[in-house]
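In the working numbering, the protein residues as written are 290 to 555. Ideal placement from N, C-alpha and C gives every residue a C-beta, glycine not left out. Data first, discussion second: the structure below is written as structure tokens.
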């Protein structure tokens, strides 16, 4: 996957919350996923002025200790005390993104980016890239590139997002082509089956028609089969003539010479 090309160090892929130093360590990639943030602000933080700043500093300390889940809770408490400050949304969204909780981080970072907080678009785009959401990554990293066109990190991640988006498009095209090919094969098979069934029906009709139109051979009746034609009655006159003719022919035959004994003269 193209995600392997994304630098593993979160200090490079996700910016630090607002107010932290550039050299501060960031949470590791294997940090635990953040649970649903349920802020519970102590009463004294609400009554004493500056409570949101104190909670934000506490969140930064937990961030440096590579505890994104606890940092997210502290940032959530700070955002509860000052929900209109886009920087608080940026801090909370960044900590959630570092904890692989993009679903909750995306709307917070989007609001912070629209409010003009630099780095929010980059963090949102990079988090989307790491989650494999190419369209969202391209959208927000393009916005980050417009904010900071000279940043090599932004350029690099934007190029990776474009490659991932192109790969997703090719994969989707392959899936569509494969699905269409399967449909065409099924349709072709159904057509062949219909043609074969139609051919069989035609052959069956032809056999039935040939059988119905054949002329049966008449069988003679038993009484007629064994009956012989009676001989015609002989005419006495013709019979006498035939006998006379036979005698005449017999008389006309050449007589066969009889054997004679030859006397020997010796």
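Are the Cβ atoms of residue i and residue j separated by less than 8 angstroms?
i, j, result
"residue 382", "residue 394", "yes"
"residue 429", "residue 404", "no"
"residue 399", "residue 384", "no"
"residue 453", "residue 423", "yes"
"residue 450", "residue 427", "yes"
"residue 341", "residue 371", "yes"
"residue 363", "residue 347", "yes"
"residue 433", "residue 414", "yes"
"residue 406", "residue 375", "yes"
Should residue i go down as buried or exposed, given a rule of 16 or more other Cβ atoms within 10 Å for buried?
i, result
"residue 539", "exposed"
"residue 489", "exposed"
"residue 419", "buried"
"residue 366", "buried"
"residue 425", "buried"
"residue 356", "buried"
"residue 396", "exposed"
"residue 536", "exposed"
"residue 499", "exposed"
"residue 530", "exposed"
"residue 532", "exposed"
"residue 501", "exposed"
State yes or no: is the beta carbon of residue i nearer than 8 angstroms to at least one beta carbon in chain C?
i, result
"residue 343", "No chain C appears in this structure, which consists of one protein chain only."
### Message
Pairs of beta-carbons, one from the stretch 432-450 and one from the stretch 463-477, closer than 8 angstroms: are there three or more?
### Response
Taking a cut-off of 8 angstroms on C-beta distances, the stretch 432-450 does not touch the stretch 463-477, as fewer than three cross pairs fall below it.
### Task
Report the residue ranges of all alpha helix (DSSP H) runs contained in full by the stretch 354-419; include only those spanning at least 4 residues, in chain order.
Listed in chain order, the complete alpha helix (DSSP H) runs (minimum 4 residues) inside the stretch 354-419 are 357-370, 375-387, 391-403 and 409-419.
#### Entry: Within the stretch 458-508, ranges of the beta strand (DSSP E) (whole runs, at least 3 residues)
Complete beta strand (DSSP E) runs here, min 3: none at all.
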